[in-house]
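Undergrad: Here you go, one structure.
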Amino acid sequence: MAIEVRIPTILRTYTGGAKAVEGSGATLDELLNNLDAAHGGLRDRLVDGEKLRRFVNVYLNDEDVRFLGGLETPVKDGDTVTVLPAVAGGAR
Amino acid sequence: MLTISRALYEKITEHARRDHPDEACGVIAGPAGSDSPVRYIPMLNAARSPTFYEFDSHELLRVWREMDDNDEEAVVIYHSHTATEAYPSRTDISYAGEPQAHYVLVSTRDETETEFRSYRILDGVVTEEPVAIKE
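If you're matching them up, the sequences are chains R and X in order.
Residue 35 is where the first sequence starts when you use my numbering, and the numbers rise one by one after that.
Residue 366 is where the second sequence starts when you use my numbering, and the numbers rise one by one after that.
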C-alpha cells in the first residue's frame, strides 16, 4: 500500500502526464520529499520554504491540510492526497 | 475564441450584478476536451470582498471531484471586478492555474453597461480573445 497523490493538469508536466502518482512518508512533508525524488521540481511548486504555497490547495482525503497540520499533517498508507490550484484573484 | 450560449452569458452577468459591490465568481463546466461551456456552477466568494475572490476550498474540492467523475473540466472560470475594468489584475494572473480555462472577467463598475471579456492566461501571459454569443 502507498499514498495516492492526485495531480492537477498544470503540474502533470512533473509526472509525465500522470493524473495520480504514489508515494510514502509519515507526514505530508515527508511524502512531498519522497515524491520529489521521482518527480523532480514538484515539491518546489507546492512548498515555499517551510510552508505550502498560497496558490495551491492540498487536501488529505476530504480535508484541506491548512485546517489540519499543514506540512506536519500525519499521513498513512491508503490515504489520498489531492492537489488543486486555488481559484482566486480579484481587482486588489 | 470563447463560444457561449446567451443563457449562460446572462447567468454570469446576473450573478455579478446580484453580488455587486462584492466580487462574484464561478465555473462553467463542459465535457473534457470539448471547449464547450455547458453546466453553470456559481461559487461562493469565500473572501466576500469588493477587491478579492477566492473559491471556498471545500467547495472547490467537491466541484472539481464532481467534474472529474463526470469527465468534465472547467471550461470557463469567471469573476467580476466591481470598480475597475474587466481585465486580469496581477493577482488574477498569479493565481491562474487552469491552462485549459477561458478566464472570463465581468465589470459591474458602470450601473447599466456590463463589460464581459475573455482571456487565456498561460505562464503569466494574458491573451484576450473574442467572445461569440450563441442565440
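A virtual CB, placed ideally from N, CA and C, is assigned to each residue, including glycine.
1. Between the region 379-389 of chain X and the region 460-473 of chain X, do three or more beta carbon pairs fall short of 8 Å?
2. Within a Cβ cutoff of 8 Å, which residues of the same chain sit near X:A497, ignoring the five residues on either side of it in sequence?
3. Assign R:R40 to one of three DSSP states: helix, strand, or coil.
4. How long is the line joining the alpha carbons of X:S422 and R:D113, rounded to whole angstroms?
5. If contact means a Cβ-Cβ distance below 9 Å, which residues of the region 88-109 of chain R contact chain X?
6. In angstroms, rounded to a whole number, what distance separates the CA positions of X:A461 and R:A36?
7. How is the beta strand (DSSP E) around X:Y452 delimited, first residue to last?
8. Going along the chain, which residues of the region 113-124 of chain R sit with their C-beta nearer than 9 Å to a C-beta in chain X?
9. At the level of alpha carbons, what is the spacing between X:Y418 and R:A122?
10. Identify every residue that forms a DSSP beta bridge with R:N91.
11. Would R:R151 pass as an interface residue toward chain X - the criterion being a Cβ-Cβ separation below 9 Å?
12. Can you name, in chain order, every residue of its own chain whose Cβ lies under 8 Å from the Cβ of R:T12, other than the five neighbours on each side?
13. By DSSP, does R:R100 sit in helix, in strand, or in coil?
14. Beta carbons nearer than 8 Å to chain R: which residues of the region 474-496 of chain X have them?
15. With a threshold of 9 Å between beta-carbons, can R:I44 be considered close to chain X, or not?
16. So X:H446 contacts chain R; which residues on that side make the cut at Cβ distance below 8 Å?
17. Considering Cα atoms alone, identify which of X:G391, X:T416, X:R413 is closest to X:Y405.
18. At a Cβ threshold of 9 Å, is X:T449 touching chain R?
19. Going by beta-carbon coordinates alone, are R:A120 and X:L425 separated by less than 9 Å?
20. Have a look at X:P386 and X:E375 and give me their C-alpha separation to the nearest angstrom.
21. Indicate whether R:D82 and R:L76 have their beta-carbon atoms separated by less than 9 Å.
22. Short check: CB of R:Y48 to CB of R:R79, under 9 Å?
23. Does the Cβ-Cβ distance between R:V90 and R:R40 come in under 9 Å?
24. Between R:K110 and R:E84, what straight-line distance do the alpha-carbon atoms span, to the nearest angstrom?
TA: Once the coordinates are examined:
1. Below 8 Å, enough C-beta pairs join the region 379-389 of chain X and the region 460-473 of chain X to call them touching: three or more.
2. By one-based count along the second sequence, residue 497 of chain X stands at place 132. Contacts found: M366, L367, T368, I369.
3. As a working note, residue 40 of chain R is residue 6 in the first sequence. Reduced to three states, the DSSP call for R:R40 is strand.
4. Residue 422 of chain X sits at position 57 when you count from the first residue of the second sequence. Residue 113 of chain R sits at position 79 when you count from the first residue of the first sequence. Approximately 19 Å, taken between the alpha carbons.
5. R88, F89, V90, N91, Y93, D96, E97, D98, R100, F101
6. If you number the second sequence from 1, residue 461 of chain X lands on position 96. If you number the first sequence from 1, residue 36 of chain R lands on position 2. Rounded to the nearest angstrom, the two C-alpha atoms are 31 Å apart.
7. Here residue 452 of chain X is taken as the residue at index 87 of the second sequence, counted from 1. Counting along the chain, X:Y452 falls outside any beta strand (DSSP E), and DSSP gives it neither H nor E.
8. Those would be T116, L118, P119, A120, V121, A122, G123, G124, in chain order.
9. In the second sequence, counting from the first residue as 1, residue 418 of chain X sits at position 53. In the first sequence, counting from the first residue as 1, residue 122 of chain R sits at position 88. Between the alpha carbons of X:Y418 and R:A122 lies a distance of about 5 Å.
10. Position 57 of the first sequence holds residue 91 of chain R. Its beta-bridge partners are R:L118.
11. Outside the shown range of chain R (35 to 126) lies residue 151 of chain R, about which nothing can therefore be said.
12. Outside the shown range of chain R, which is 35 to 126, sits residue 12 of chain R, and nothing can be said about it.
13. If you number the first sequence from 1, residue 100 of chain R lands on position 66. R:R100 falls in the helix class under three-state DSSP.
14. So the list is empty, because no residue satisfies the distance condition.
15. Residue 44 of chain R sits at position 10 when you count from the first residue of the first sequence. Yes, contact with chain X.
16. Reading the second sequence from its first residue, position 81 is the one you call residue 446 of chain X. The contact set of X:H446 on chain R, defined by CB atoms closer than 8 Å, consists of G124, A125 in chain order.
17. Locating residue 405 of chain X in the second sequence gives position 40, where the first residue counts as 1. Residue X:G391 is the option with its Cα nearest to X:Y405.
18. As a first step, residue 449 of chain X is located in the second sequence; it is residue number 84 there, counting from the start. So, interface residue.
19. Numbered from its first residue, the first sequence carries residue 120 of chain R at position 86. Numbered from its first residue, the second sequence carries residue 425 of chain X at position 60. In this structure, X:L425 lies closer than 9 Å to R:A120 by Cβ.
20. For the purposes of this step, residue 386 of chain X is taken as the residue at position 21 of the second sequence. For the purposes of this step, residue 375 of chain X is taken as the residue at position 10 of the second sequence. Taking the straight line from one Cα to the other gives about 18 Å.
21. As a first step, residue 82 of chain R must be located in the first sequence, where it is residue number 48. As a first step, residue 76 of chain R must be located in the first sequence, where it is residue number 42. No; because the gap between Cβ atoms is not below 9 Å, this pair is not in contact.
22. For this step, residue 48 of chain R is matched to residue 14 along the first sequence. For this step, residue 79 of chain R is matched to residue 45 along the first sequence. Against a cut-off of 9 Å, the Cβ pair of R:R79 and R:Y48 comes out as a contact.
23. The residue you call residue 90 of chain R lines up with position 56 of the first sequence. The residue you call residue 40 of chain R lines up with position 6 of the first sequence. In this structure, R:R40 does not lie closer than 9 Å to R:V90 by Cβ.
24. Numbered from its first residue, the first sequence carries residue 110 of chain R at position 76. Numbered from its first residue, the first sequence carries residue 84 of chain R at position 50. Cα to Cα, R:K110 sits roughly 21 Å from R:E84.
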